[in-house]
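> Residue numbers (this note's numbering): -5 to 317. Quick reminder that beta carbons are idealized off the backbone N, C-alpha and C, glycines included.
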Ligand code: GLA
């Protein structure tokens, strides 16, 4: 009898450090208690046949993949992207028949696509009997996301999901890919609230990535820059973009040390400052999200709140002191 394989990958919420990963900066996300699961069996063809509990149309992908852009339905492109990238590494994956289900809200900025990529990559590696280090799996899935969605995302989502542990934040240096696991203090509860569906596939996210690349041509790597370097930028928009990234990297460091010193008031204040910086300098928030942050701040025990992830909708995140 053919062995049944079942592999899950969680969603993620970012506590602090947004729009820093694609310039090799610092981020501090944690995995959610919500998962995408792939369950199925190897088949004797060279075809991946998948159904999803959340999608009306089934998927059939013939290997090797020649034209990713022709894969239909579109959700299949994330899967095809992963299988394509595995083939680029010379990894031969057999056919597979299975089902996908998820408890991660789709299109809400909680990395449902990265969870799908990691779950598919681990399934494919398992049936190909190949082992890869977590960081390599994350990088492969990041490349898959780039080609599947056209969004030039950083490494945060895929790496957090690949290495994350329950109730533990991952402090990631997106340049070296070093990860520090930081247990969330028992006194603190992380609150994630859905605001609106969003996609990063429009131009806004990639415009921010482009702005950062232009800045780096002017002043060198943003991860090494200080606010004095940013003052050499004459263009006001680019100056504000640089000020966000430079200050956000510092906030991640300060947030990690505030948590370790159990200075939860300071940690909450840093989250609020992060939101202000994303809203005013990086312009990735909107009026609904700003209002949602204000509302959350007025609730009992809430110490800090901010937009989380790419922005332009999605979710906000806060920390609450447990009583
Ligand atoms: C999205 C991207 C990440 C990161 C965040 C913003 O989630 O996938 O790589 O850039 O936006 O921090």
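Going by CA-CA distance only, name the one from 171, 275, 159, 18 that's closest to residue 6.
Residue 6 has its Cα closest to that of 159, out of 171, 275, 159, 18.
> If residue 314 and residue 185 are in contact, beta carbons under 8 Å, what's the gap, nearest whole angstrom?
Going by Cβ atoms, the distance from residue 314 to residue 185 rounds to 5 Å, so yes, they are a contact pair.
> Name the residue from 193, 188, 182, 235 whose alpha carbon lies nearest to the alpha carbon of residue 208.
It is 235 whose Cα lies nearest to the Cα of residue 208.
> Could you spell out where the alpha helix (DSSP H) holding residue 178 opens and where it closes?
Where residue 178 is concerned, there is no enclosing alpha helix (DSSP H), given that its DSSP letter is neither H nor E.
> Return the residue from the list 108, 265, 52, 85 that minimises the CA-CA distance to residue 92.
For residue 92, the nearest C-alpha among the options comes from 52.
> Residues in its own chain within less than 6 Å of residue 152 by CB, not counting five upstream and five downstream?
Here the set comprises 108, 132, 135, 136.
> Determine which residues share a DSSP beta bridge with residue 165 and list them.
Its beta-bridge partners are 174.
> Pick out every residue whose C-beta is nearer than 5 Å to a heavy atom of the ligand GLA: which are they, in chain order?
Going along the chain, the residues that qualify are 12, 13, 15, 147, 148, 150, 151, 303, 304.
> Buried or exposed: residue 195, going by 16 or more other Cβ atoms within 10 Å of its Cβ?
The residue in question, residue 195, is exposed, as its Cβ has fewer than 16 Cβ neighbours within 10 Å.
> Assess contact between the segment 84 to 91 and the segment 31 to 44, defined as three or more Cβ pairs (one per stretch) separated by less than 8 Å. Is contact present?
Segments in contact, yes.
> For residue 70, does the three-state DSSP call read helix, strand or coil?
Of the three classes helix, strand and coil, the one that applies to residue 70 here is helix, per DSSP.
> With burial defined as no fewer than 16 other Cβ atoms inside 10 Å of the residue's Cβ, what is the status of residue 65: buried or exposed?
Result: buried.
> Please say whether residue 284 and residue 273 have beta carbons closer to each other than 7 Å?
Yes, the Cβ-Cβ distance between residue 273 and residue 284 is below 7 Å.
> Within 10 angstroms of the Cβ of residue 166, are there 16 or more other Cβ atoms? Answer buried if so, exposed if not.
Classification for residue 166: buried.
> Would residue 310 pass as a contact of residue 286 if the rule is Cβ separation under 7 Å?
Contact: yes.
> In the structure shown, what three-state DSSP assignment does residue 126 receive?
Coil, per DSSP.
> Which same chain residues end up closer than 6 Å to residue 129 when comparing Cβ atoms and leaving out the 5 residues on each side of it in sequence?
171, listed in sequence order.
> Can you tell me where the alpha helix (DSSP H) holding residue 282 begins and where it ends?
Taken as a continuous stretch (DSSP letters only), the alpha helix (DSSP H) holding residue 282 covers 281 to 291.
> For the beta strand (DSSP E) that residue 16 lies in, which residues bound it at each end?
Here residue 16 belongs to no beta strand (DSSP E), and DSSP marks it neither H nor E.
> Could you give the distance in angstroms between the alpha-carbon of residue 124 and the alpha-carbon of residue 114?
Approximately 14 Å between the Cα atoms of the pair.
> So who's on the other strand from residue 44, going by DSSP bridges?
Residue 44 pairs with 53, 92.
> Taking the alpha carbon of residue 179 as the point to measure from, which residue in 163, 191, 187, 189 has its own alpha carbon closest?
It is 163 whose Cα lies nearest to the Cα of residue 179.
> CA-CA distance, residue 233 and residue 2?
Residue 233 and residue 2: Cα-Cα distance of roughly 42 Å.
> In the DSSP assignment, find the unbroken alpha helix (DSSP H) run with residue 273 in it and report its ends.
First-last of the alpha helix (DSSP H) with residue 273: 258 to 274.
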